[in-house]
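Peer 1: Number 46 in numbering that gives the first Met the number 0 belongs to position 47 of the sequence shown; there are no gaps in the numbering.
For every residue, glycine included, the Cβ atom is placed at its ideal position computed from N, Cα and C.
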Amino acid sequence: MMKQLKQWMAVATLMTGASLAQAHSPFAAPQTYIVDGDTAVVIAGFAESPFASEFALSGFDFSVVQPTGEVVTLEAKGSKYLTAADVETKAEGTYKVIANRENKLEYALVNKQWLRIMDSHGQALPPLAERSFITPEELTAKHNKITSIRHEQLVSYFSKAKLTDQVLKPTAKGLEVNFSQHPNQLQAQQAVTLTVTIDGKVQSGFSVVASRQLTKVDEQEIVIKTTTNAQGQIQLNFPQAGQYFIEVNAPEIAKGTKPAAQNFRQNIAVQVN
Numbered sequence: 000m001m002k003q004l005k006q007w008m009a010v011a012t013l014m015t016g017a018s019l020a021q022a023h024s025p026f027a028a029p030q031t032y033i034v035d036g037d038t039a040v041v042i043a044g045f046a047e048s049p050f051a052s053e054f055a056l057s058g059f060d061f062s063v064v065q066p067t068g069e070v071v072t073l074e075a076k077g078s079k080y081l082t083a084a085d086v087e088t089k090a091e092g093t094y095k096v097i098a099n100r101e102n103k104l105e106y107a108l109v110n111k112q113w114l115r116i117m118d119s120h121g122q123a124l125p126p127l128a129e130r131s132f133i134t135p136e137e138l139t140a141k142h143n144k145i146t147s148i149r150h151e152q153l154v155s156y157f158s159k160a161k162l163t164d165q166v167l168k169p170t171a172k173g174l175e176v177n178f179s180q181h182p183n184q185l186q187a188q189q190a191v192t193l194t195v196t197i198d199g200k201v202q203s204g205f206s207v208v209a210s211r212q213l214t215k216v217d218e219q220e221i222v223i224k225t226t227t228n229a230q231g232q233i234q235l236n237f238p239q240a241g242q243y244f245i246e247v248n249a250p251e252i253a254k255g256t257k258p259a260a261q262n263f264r265q266n267i268a269v270q271v272n
């Protein structure tokens, strides 16, 4: 029984993205949020605990928006456990680091339920009625199928010499999370409002989870969970200083609901003083 349970847990991990690394949360963060000199370093990876990378990133395209608004492609290099990229920082002001990835998610209508189509990777599976996915081998011509595009984005900000707002201006393209104050000026126990939009339209019901990086063995976890309101907003009040990992996800698909053509998620790294 225990062996079957472990096998099923392995399949559940594979379901989320076909590898253990993808079951972890991806992040991209500057080595320091206030820089001097002409070069900065961005580190990235897949982590189960915030910023504690266990696997190098794969499939993401990196770029940086410079204080002038110019977008520059970054060359990210990975070891087995970590990805890093150098950023030229000759200009003063605020920089925005972005890493983008798109995945196709396939669904099939099975007994009035939309199930993900996923490979079992050779694992023994429980009956279809007990699963939230269907394998390609189980599909027939009678199953209606659709494809949804998942847009994933990793975001962080850092500044040199001064804080500027060119990179903070909304573009009304894709998923954007706008801060009510400069993200390099966040303070503990001072509320900040985040507004979530897609193509410029506010989004209600988005899940927002902020987790503080652990820096000591016996340190207590700090996790803040909330959901955007009708105005697409949430308030975050960070109880302690530290580096925080903010996950913003589209609402979960309700049972029996047809998946949207596009799905969005964004992970943000910030430093709270």
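1. Can we say the stretch 125 to 136 touches the stretch 145 to 154, given the rule of at least three CB pairs closer than 8 Å?
2. Just checking my contact of S203 with N228 at CB under 8 Å: how many whole Å lie between their CB atoms?
3. Going along the chain, which residues of its own chain have a beta-carbon closer than 7 Å to the beta-carbon of L108, five neighbours each way excluded?
4. Can you give the Cα-Cα distance for L193 and F45, rounded to whole angstroms?
5. For E101, which three-state DSSP category applies?
6. T88: buried (16+ other C-beta within 10 angstroms of its C-beta) or exposed?
7. Does the distance from the C-beta atom of V34 to that of K159 stay below 8 Å?
8. Compute the beta-carbon to beta-carbon distance between Q242 and Q270, rounded to the nearest angstrom, for a pair I have assumed lies under 8 Å.
9. At the level of alpha carbons, what is the spacing between Y156 and P126?
10. Which class does V219 belong to by DSSP, given the choice of helix, strand or coil?
11. What does I148 pair with, by DSSP beta-bridge criteria?
12. Apply the 10 Å Cβ neighbour rule to N266 and answer buried if 16 or more other Cβ atoms are within range, or exposed otherwise.
13. When burial is assigned at 16 or more other CB atoms within 10 Å of the CB, is P66 buried or exposed?
14. Write down the C-beta distance between A90 and A84 rounded to the nearest angstrom, noting that I regard them as a contact closer than 8 Å.
Peer 2: Concretely, from the data shown:
1. no
2. Sequence index remark: in the sequence shown, residue 203 carries index 204 (1-based). Sequence index remark: in the sequence shown, residue 228 carries index 229 (1-based). Contact holds; Cβ gap of about 6 Å.
3. Within the sequence shown, the letter at position 109 stands for residue 108. Closer than 7 Å at Cβ, skipping near neighbours: H142, N143.
4. Here residue 193 refers to the residue found at position 194 of the sequence shown. Here residue 45 refers to the residue found at position 46 of the sequence shown. About 24 Å.
5. Against the sequence shown, residue 101 aligns to sequence position 102. Three-state result, E101: strand.
6. Counting from one through the sequence shown, the residue named residue 88 turns up at place 89. When all chains shown are included, T88 counts as buried.
7. Within the sequence shown, residue 34 is the residue found at index 35, counting from 1. Within the sequence shown, residue 159 is the residue found at index 160, counting from 1. Yes; because the gap between Cβ atoms is below 8 Å, this pair is in contact.
8. Numbered from 1 along the sequence shown, position 243 holds the residue referred to as residue 242. Numbered from 1 along the sequence shown, position 271 holds the residue referred to as residue 270. Correct: roughly 5 Å between the Cβ atoms.
9. Along the sequence shown, read from residue 1 onward, the residue named residue 156 stands at position 157. Along the sequence shown, read from residue 1 onward, the residue named residue 126 stands at position 127. Going by the C-alpha atoms only, they are around 47 Å apart.
10. Counting from one through the sequence shown, the residue named residue 219 turns up at place 220. In the sequence under discussion, the amino acid at residue 219 is Gln, which differs from the Val named in the question. DSSP places Q219 in coil when its eight states are reduced to three.
11. What you label residue 148 is simply residue 149 of the sequence shown in a count that begins at 1. K103, Q261.
12. By 1-based counting over the sequence shown, the position of residue 266 is 267. Buried, because 16 or more other Cβ atoms sit within 10 Å of the Cβ of N266.
13. Locating residue 66 in the sequence shown gives position 67, where the first residue counts as 1. Under this definition P66 is a buried residue.
14. Your numbering for residue 90 matches position 91 in the sequence shown. Your numbering for residue 84 matches position 85 in the sequence shown. A90 to A84, Cβ: 17 Å. No contact.
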